[in-house]
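Enquirer:
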Amino acid sequence: MTTQIADMTEDEAREEFFELQTLLWAANREYHTRDNPTISDVEYDWAKRRYLALVDAFPKFEKAATQLTAIGAPVAEGFGKVQHAQRMMSLSNAFDDADVQDFDTSARRFLGLSEDAPLAFTAEPKIDGLSLSLRYEDGQLVQAATRGDGSEGENVTANALTISDIPQTLINAPEILEVRGEVYMSHEEFEALNARHSARGGKVFANPRNAAAGSLRQLDAEVTRARPLRFFAYAWGELSARLADTQIGAIQRLQSFGFQTNPLTKKCETPAELIAIYRDIEAQRATLGYDIDGVVYKVNDLAYQARMGFRSTTPRWAIAHKFPAETAWTRLEGIDIQVGRTGALSPVARLHPVTVGGVVVSNATLHNEDYIAGRDSKGDTIREGKDIRVGDWVQVYRAGDVIPKIADLDLAKRPQDAQIFAFPKICPECGSDAIREEGDAVRRCSGGVICPAQAVEKLKHFVSRGAFDIDGLGAKQIEMFYADPVLPIREPADIFTLQARDVTNLAKLKNRDGWGDKSAKKLFEAIEQRRHIPLGKLIFALGIRHVGESASNLLARHYGSWRAFEDAMVAAAPQEGQAWEDLLDIDGVGQVMAQSLVAAMNQQAERASIDRLVQHLQPQDAEQIDTANSPVAGKTVVFTGTLEKMSRSEAKARAETLGAKVSGSVSKKTDIVIVGPGAGSKEKKARELGLTVLDEDAWLALIAP
Ligand code: IVH
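By this note's numbering, the letter at position 355 of the sequence shown is numbered 356, and the numbering carries on one by one without gaps.
(1) Could you tell me whether the stretch 489–500 touches the stretch 570–580, where touching means 3 or more Cβ pairs closer than 8 Å?
(2) Contact defined as beta carbons within less than 8 Å: I believe residue 394 pairs with residue 332. What is the distance between those atoms, to the nearest angstrom?
(3) On the criterion of 16 or more Cβ atoms from any shown chain inside 10 Å, does residue 106 qualify as buried, or is it exposed?
(4) Since residue 343 and residue 445 are thought to touch, with beta carbons under 8 Å apart, how far apart are those beta carbons, to the nearest angstrom?
(5) Could you tell me the distance, in whole angstroms, from the CA atom of residue 221 to the CA atom of residue 160?
(6) When DSSP labels each residue in this structure, what does residue 422 get in the three-state scheme?
(7) Under the rule that 16 or more other beta-carbon atoms within 10 Å means buried, what is residue 361, buried or exposed?
(8) Less than 6 Å separating the Cβ of residue 132 from some heavy atom of ligand 1?
(9) Check whether the Cβ of residue 235 lies closer than 6 Å to any heavy atom of ligand 1, and answer yes or no.
(10) Closest to residue 693 by C-alpha separation, out of 705, 672 and 704, would be which residue?
(11) Does the distance from the C-beta atom of residue 639 to that of residue 674 stay below 7 Å?
(12) Going by the C-beta, is residue 83 closer than 6 Å to any heavy atom of ligand 1?
(13) Just the C-alpha distance for residue 126 and residue 277, rounded to the nearest angstrom, thanks.
(14) Say yes only if the C-beta of residue 92 is nearer than 6 Å to one or more non-hydrogen atoms of ligand 1, and no if none qualify.
(15) On the premise that residue 420 lies in contact with residue 533, defined as a C-beta separation below 8 Å, what is that separation, rounded to the nearest angstrom?
(16) Comparing alpha-carbon positions, which option in 669, 88 and 100 lies nearest residue 310?
(17) Would you please state the rounded distance, in angstroms, between the beta carbons of residue 185 and residue 213? I believe it to be under 8 Å.
(18) How would you call residue 242, buried or exposed, if buried means at least 16 neighbouring beta carbons within 10 angstroms?
(19) Expressed to the nearest angstrom, what Euclidean distance is found between the alpha-carbon atoms of residue 13 and residue 174?
(20) In whole angstroms, what is the alpha-carbon distance linking residue 372 and residue 191?
(21) Relative to the C-alpha of residue 20, which candidate in 7, 5 and 51 has its C-alpha closest?
(22) Taking the straight line between their C-alpha atoms, what separation do you get for residue 305 and residue 112?
(23) May I ask you to check if the CB of residue 204 is nearer than 6 Å to at least one heavy atom of ligand 1?
(24) Can you tell me whether residue 346 is buried or exposed? The criterion is at least 16 other CB atoms within 10 Å of its CB, across all chains shown.
(25) Tell me the rounded alpha-carbon separation between residue 8 and residue 559.
(26) Compute the minimum distance between the beta carbon of residue 219 and the heavy atoms of ligand 3, and state whether it is under 6 Å.
(27) Secondary structure at residue 511, three-state DSSP: helix, strand or coil?
(28) Mapping the DSSP letters down to three states, classify residue 688 as helix, strand or coil.
(29) With a threshold of 6 Å, establish whether the CB of residue 268 neighbours any heavy atom of ligand 1.
(30) First and last residue of the alpha helix (DSSP H) that includes residue 619?
(31) So the candidates are 623, 637, 318 and 470; which of them puts its Cα closest to the Cα of residue 588?
(32) Within 10 angstroms of the Cβ of residue 16, are there 16 or more other Cβ atoms? Answer buried if so, exposed if not.
(33) Per DSSP, which residues does residue 236 bridge with? Please list them.
(34) Can you tell me the Cα-Cα spacing of residue 668 and residue 579, whole angstroms?
(35) Looking at residue 430 and residue 454, is the spacing between their C-beta atoms short of 7 Å?
(36) Per DSSP, which one or two residues make a beta bridge with residue 137?
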């Protein structure tokens with residue numbers, strides 16, 4: 002007898018829900034892979050109806066349920082977006098043994114550990130694939146998401162379910178568990194896939210990483226199923242209960258749930274041991290059967306990891322020790338000049354195509370005119386002063402994803418007629434003067450918004466990931482719209498008037514090459530969605546020189562709203578006074594960035610363009626850290642003197658986590674000054690101003706949870 006859904010408790014319903022889900026998943030899989038249904042159509046339909054009725058009665062199950070509809074049935078259009086419960090981080094890099102030593106030293110300094118106190122690490126290969134976050138609720142896989150920009154990824158659940166290394170159900174796992182790791186393809190499977198594809202005249206992938214990414218991001222999960230993907234688990238996101246006390250323990254725990262973890266993972270007690278393992282893994286690199294691009298070191302003690310926390314995009318407790326870049330020799334066929342969004346003239350080497358570490362390379366960056374001439378930014382010689390000429394025989398190197406570079410050149414092979422490269426003094430795109438300011442390594446086009454190259458690059462930046470990230474409006478479409486005589490996009494504001502301008506038959510987007518009714522509608526919808534934009538993304542999207550993603554978020558958090566930000570930038574225009582001081586007081590904003598920001602926000606043409614844009618937007622106020630219970634949220638604090646219970650960096654990180662702003666100088670706007678032994682003028686000033694002055698213990702008591 003089946004229980005009436007209306008009579009069920011939530012627990013009973015959940016149990017049946019997951020039972021049915023497993024049954025339906027299995028049935029789907031059998032049906033799609035083996036053409037061998039395990040249950041009859043009638044049984045399948047009954048199970049599915051009952052399953053959906055449960056979701057209807059218990060909306061809580063919705064999140065877990067959406068996946069089912071995706072299985073077997075290809076997702077209609079694009080992937081849904083997924084907000085990561087905890088940001089997916091990247092890693093900072095170490096390139097040599099000294100960087101590894103520094104990692105140990107700064108971890109000790111942060112934690113206040115002496116040189117001989119024990120501090121253990123783990124070492125494991127850095128897999129060259131793409132990261133994936135798997136969310137399990139009550140032991141069931143409910144969501145798989147790519148990294149995306151770290152906060153928001155793509156929902157690839159249906160695809161992840163086809164990967165045999167990824168368990169669908171876990172036993173004895175915490176109620177909520179996000180497992181993170183790397184999807185990759187083995188060398189053998191990569192070769193076989195490419196062989197199959199080239200036999201059929203299909204797409205051949207440049208390397209296993211591209212093949213893995215292309216395979217995971219298939220709209221039809223059945224295509225993913227046919228691609229032999231694998232998965233190594235190495236980290237986690239949200240958890241309802243701790244996995245272990247140590248990194249190595251947590252990895253073992255993931256293994257006990259059925260995940261593959263890398264067999265070369267080891268615990269080490271000293272930096273010397275880390276370096277020895279690095280050499281050992283490097284020696285095995287060629288025979289591992291899959292690509293790795295370095296070794297990742299992590300602080301083993303999870304309590305230490307929690308104390309160390311994160312910088313804006315990387316953990317303080319981990320570092321990737323990269324393998325040296327791969328190199329190859331080829332001929333330099335030409336030097337082109339590209340004009341970037343800030344007007345910088347960047348020389349690009351056009352190379353005779355050559356394979357470097359498995360990827361065909363035909364371009365490399367040449368940085369700037371000094372670099373070509375054989376000088377570094379300080380005017381000292383590089384490459385023993387050898388300048389680079391068209392026709393030269395050059396050594397190219399590339400490390401991971403970065404743009405290839407030129408390491409060296411062979412003078413013995415220089416053609417007799419090779420000419421010294423004359424760096425242009427005029428912008429090749431708009432003919433304006435290209436000026437090199439004192440102290441700047443870069444020559445810049447002075448054309449500003451009249452330079453089409455700058456305008457297009459600014460727009461490309463505006464729609465890029467981390468900025469507005471508008472689905473269906475990438476670099477290619479921007480170039481097309483920029484050149485469009487009837488429906489042009491020449492500045493960011495034009496994006497938001499596109500639909501209103503798309504009215505006459507002549508202008509209609511859907512009538513254009515590459516656009517249909519559906520794709521035009523989708524683009525308009527994607528644009529609509531972005532009218533609500535987080536403040537940090539808006540500031541970053543403006544593409545102001547020196548103002549990167551993390552600085553933009555800092556500014557957003559500091560000023561809170563667009564209005565407050567813009568007022569402050571106007572008030573700071575004279576580069577003196579309270580608003581200017583306040584800007585410079587933000588930890589992470591230096592003189593150069595502040596000048597660039599204030600200049601951009603007060604330059605007439607640029608400012609007018611920003612105003613035209615903002616009138617189409619509703620910028621969201623900055624996300625305030627959840628500080629409901631924090632006594633120091635929004636307060637400005639200054640640390641001075643020696644802290645005894647924790648390092649300065651840890652104290653600062655803790656204060657920021659609680660929503661406080663940490664400043665380096667004491668002023669009337671300071672709320673709390675924390676003083677340790679040796680405090681001097683700052684303490685004196687705080688007392689004169691009558692501010693709250695606390696010693697370290699009183700501060701710790703104040704912020705104690
Ligand atoms: S740990 C919070 N461990 O490298 C720390 N990452 O360059 C999360 N990666 O985005 C990362 N192998 O995709 C970690 N053994 C490993 C890894 C690894 C590969 C990737 C990961 C990350 C990127 C950072």
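Backbone N, C-alpha and C fix where the C-beta goes; we use that ideal spot for every residue, glycine too.
Expert: Looking at the coordinates:
(1) no
(2) 6 Å
(3) exposed
(4) 7 Å
(5) 8 Å
(6) coil
(7) exposed
(8) yes
(9) yes
(10) 672
(11) yes
(12) no
(13) 13 Å
(14) yes
(15) Not really, about 54 Å apart at Cβ, beyond 8 Å.
(16) 88
(17) 5 Å
(18) exposed
(19) 20 Å
(20) 38 Å
(21) 51
(22) 7 Å
(23) no
(24) buried
(25) 52 Å
(26) Among the ligands in the structure shown, ligand 3 does not appear; only ligand 1 can be found there.
(27) helix
(28) helix
(29) no
(30) Looking at the DSSP string, residue 619 is not in any alpha helix (DSSP H); the run it does join, the beta strand (DSSP E), is 619–621.
(31) 637
(32) exposed
(33) 181
(34) 10 Å
(35) yes
(36) 142 and 178
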